[in-house]
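According to this note's numbering, the sequence shown is numbered sequentially starting from 257.
Glycine is no exception: its CB is placed at the ideal position from the N, C-alpha and C atoms.
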Amino acid sequence: MTLARVVRNFACFTLIALSGARLAAQPGAAASAPARLENQRVLFPQPLSPRIANYDIDVKLDTHKRELQGKQRLVWHNQTKSAATELQFHLYLNAFRNDRSTFMRESSGSSRVEEDGWGFIEVDRLRLPERNEDLTSRLEFIQPDDGNPDDKTVARVPLSRPVAPGDSIVVEFDFSAKLPQPPFARTGAKEEFFFVGQWFPKIGVYLDGKWNTHQFHAHSEFFADFGVYNVRLTVPAANIVGATGLEIEVSDNGDGTKTHVYRAEDVHDFAWTTSPEFVEFNDRVQDVDLRVLMQPDHVDQGQRHLEAAKTAVEYFQNWYGDYPFPNLTVVDPRRGAMQAAGMEYPTLITAGTNYGLPAGLRLVESVIIHEFGHNYWYHLVASNEFEESWLDEGINTFTEVQIMNDRYGPAGDFVDLFGIKINNQQWHRNVYYLWNADLDQTVRRAWEYYPGSYSTNSYSKPCLMLITLQNYLGRKKMQEIMRAYVSRWRFKHPTTQDFISVAQDVSGRDLRWFFDQALFSNAVLDYSVERVVSRPERQGRGFDFSRARTPVDSSTSEDESGDSAAGDDSVNAAGKNLLHQSSFYVRRLGDFKFPVDVVATFANGEKVRETWDGRELWKKFTYTKPSKLVAAAVDPDRKIALEMNFTNNSARVEPERLGVNKLAVRWLFWMQFFLDQPEVLNLISGLIF
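This is the structure in structure tokens:
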């Protein structure tokens, strides 16, 4: 993904520069030739999905010109209750056609395109063979999102006769395309390396009587229906190929090229890669064949990539349900092609590393776990990434954090180098969430976020939201929710409301109060402790205090409304300083209301824990006890990952006055400040770069 790619590459170069270390070579097993299988082999006797959009594609790659020549046969089934009077298609490669496409305008990315690096796709012919109609001249570009006349990433073709509910239509294409160089936003070429994604005319999704076919935006990904893909890839004979699905046949054409035949069932996309330089590694875990295609200068990390892939498959299957596909291919992009790194397609993902990456910098592991996770949250559970990106990216980031923490953590699951330990949750909180937490509500169309807000609201904020919910409901219950979500919505198109319904059903609780704030508002969550005091109780004066009274241990709490939860104004006239009057305030500084734990710590070691619903603006906690209060804290266990400022969550009655203790307190303060303030992390990162 975009965030995964940027973050990991950013940290990679930083810490490699510091380490100067190089991993020892880890040679992998030599690749065995794939078994020659019958063409059109059936992978699943019973379809796993509705199989609405089914493709047969024959494409040839000219590696010198970076050009594709393709023929495509699409069989589309109308499984809705409405007739389709037209068809709409994505032509994603036209995002790289010029600097006026919507993608380029939004990303300011034209400066990264080489002089001859532009890409495009042309529909040379479009016909309906069963109706004997040529519709090429009827094809027209549309811009349903922004009206930009220079954007050619979506096209429509009107039909002379509608596709009735329950009927199907066959559409044949001749198309030609040129891949951008270097790879740009998930696809393209760099010298001998090709990663080819979003490369063919791809039909939109027909829902509720209308087409859901958005333009290609700088901050948007994809949405498509499931189907079966039979794809013939003709490339130079010396090239190694990796692709979605299974390779079922390879034929030598006798002209310096080979044709690789792939079949993928119950997927909603197809991508592929090719290079003569790949070094192949293989393994198997839980009935899933693993294949890693490494660059020659990264061969010593091949086994590391395999181990990360094994970890990903094992954890996801054990925690979130069956991965129904027989294989997974992991691609290592070459140097200069990092725009292809950190991306996911069905059964095919890209990682991203660098020469000499130290083991304590777990970029390889986090990227592979993240990208494989998309085979659940983007593939099996096929939400609309254009309109609700958090359902894929946010949930996937949450599961990545959980797995990294369990496998490598908890303290240094992301970075464990030179005594520096940083976990994934800290990274997302400090580098992204704290900067942009209140710029937008989370549920929003991907291209409509305020600048800088997309990554926060698609990745980091929903990740922290789900961690907060997990700590509120319990980890076991949260895993039940996630597993049920996968089970109920496999090979379907769930929405945010569908996820909320699963969470409420499995938890047995009404969680609308939580999701309304976390997903449909820009409210921030911030509670603080203030005005912590503790004083010896003095002898009362006046008629009511003429005789001694028995000391009583008591506590009171008062909120903004003035209501007291409990109370006792007992005093002790028999002996001074036997009781202490202690109090502090907990304030809600943000608009997000959430129940919080509050702990009062006394000099004799006693701790009093209470829970406040957090709804009012403040609440006063008062205690009358033999021992004085020394400190108070809200959310002492840091269960609320959405908390904006941990530094104001606790306070002491008075600071320690011993020199050593004062130095220790100062050191701990600055260490906490480093971990909790994004300004510090970014300043240090900037100096290193």
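Pick helix, strand or coil for HIS516, following the three-state DSSP scheme.
strand
Mapping DSSP to helix, strand and coil, what is ASN692?
helix
Is TYR311 near LEU299, with beta carbons less than 8 Å apart?
no
Go ahead and label PRO414 buried or exposed: buried means 16 or more other beta carbons lie within 10 angstroms of its beta carbon, across all protein chains shown.
exposed
Which partner residues does VAL484 have in the DSSP bridge list?
GLU521
Is the separation between the beta-carbon of ARG297 and that of ARG519 shorter than 8 Å?
yes
Starting from ILE425, trace the beta strand (DSSP E) in both directions and tell me its first and last residue.
424-434
Through-space distance from VAL909 to GLY861, alpha-carbon basis:
15 Å
How long is the line joining the alpha carbons of ALA638 and ARG746, rounded to whole angstroms?
8 Å
Based on the DSSP secondary-structure assignment, which residues constitute the bridge partners of ALA599?
Checking the sequence shown, residue 599 turns out to be Met, not Ala. The partner list for MET599 (beta bridge, DSSP) reads THR606.
Quick check for students: name the residue ranges of the alpha helix (DSSP H) that lie wholly in the region 617-699, counting only runs of 4 or more.
619-630, 651-664 and 680-684
Straight-line Cα distance separating GLY598 from PHE478
15 Å
When every heavy atom of the ligand SAH is checked, does at least one fall within less than 7 Å of the C-beta of ASN778?
The ligand SAH is absent from the structure shown, which contains no ligand whatsoever.
Under DSSP, the alpha helix (DSSP H) around MET734 begins and ends at which residues?
731-745
To the nearest whole angstrom, what separates the beta carbons of LEU781 and MET900, a pair I think is in contact under 8 Å?
6 Å
Span of the alpha helix (DSSP H) around GLU362
358-363
Determine the extent of the beta strand (DSSP E) in which ILE313 is found, giving its start and end residues.
309-318
Evaluate ASP648 with the Cβ neighbour count: other Cβ atoms within 10 Å of its Cβ, from every protein chain shown; 16 or more gives buried, anything less gives exposed.
buried
Which residues in the same chain as GLY453 place their Cβ atom closer than 6 Å to its Cβ, once the five residues preceding and following it in sequence are excluded?
ARG442, THR443 and ALA527
Extent of the continuous beta strand (DSSP E) run through PHE858
852-858
Return yes when the Cβ of LYS321 is within less than 8 Å of the Cβ of ASP430, no when it is not.
no
Would THR698 and LEU775 qualify as a contact pair, given that the criterion is a beta-carbon distance under 8 Å?
yes
Which residues in the same chain have their Cβ closer than 7 Å to the Cβ of SER709, if we skip the five residues on either side of it in sequence?
ASN692, LEU695 and ASP696
Three-state class that DSSP yields for ARG560 in the structure shown:
helix
Mind checking if VAL762 is an interface residue toward chain C, Cβ cutoff 8 Å exclusive?
Of the protein chains in this structure there is only one, and it is not chain C.
Report, in whole angstroms, the separation of the C-beta atoms of ARG739 and GLY870, which I expect to be a contact under 8 Å.
Contact doesn't hold; Cβ gap of about 30 Å is too wide.
Compare the C-alpha of PHE440 against each of GLU428, PRO385, SER424 and GLY373 and name the closest.
GLY373
Report, in whole angstroms, the separation of the C-beta atoms of HIS630 and ASP588, which I expect to be a contact under 8 Å.
Wrong, their Cβ atoms sit about 17 Å apart, outside the cutoff.
With ALA859 and VAL886 assumed to form a contact (beta carbons below 8 Å), what rounded beta-carbon distance in angstroms separates them?
5 Å
State the DSSP-derived secondary structure class of VAL198, mapped to helix, strand or coil.
Only positions 257 to 945 of the chain appear in the structure, and residue 198 is not among them; the question remains open.
What three-state label does DSSP hand ASN350 in the structure shown?
helix
Kindly indicate which residue of VAL410, SER476 and THR392 has the alpha-carbon position closest to the one of ARG700.
SER476
Where in the region 885-911 do unbroken runs of the beta strand (DSSP E), each at least 3 residues long, occur, reported from the N-terminal end onward?
885-890 and 906-908
Using DSSP with H/G/I as helix, E/B as strand and the rest coil, what is VAL413?
strand
Kindly give me the distance between the Cβ atoms of PHE449 and ALA593, rounded to whole angstroms, as I take these residues to be in contact under 8 Å.
5 Å
Backbone CA spacing between LEU347 and PRO438 [nearest angstrom]
19 Å
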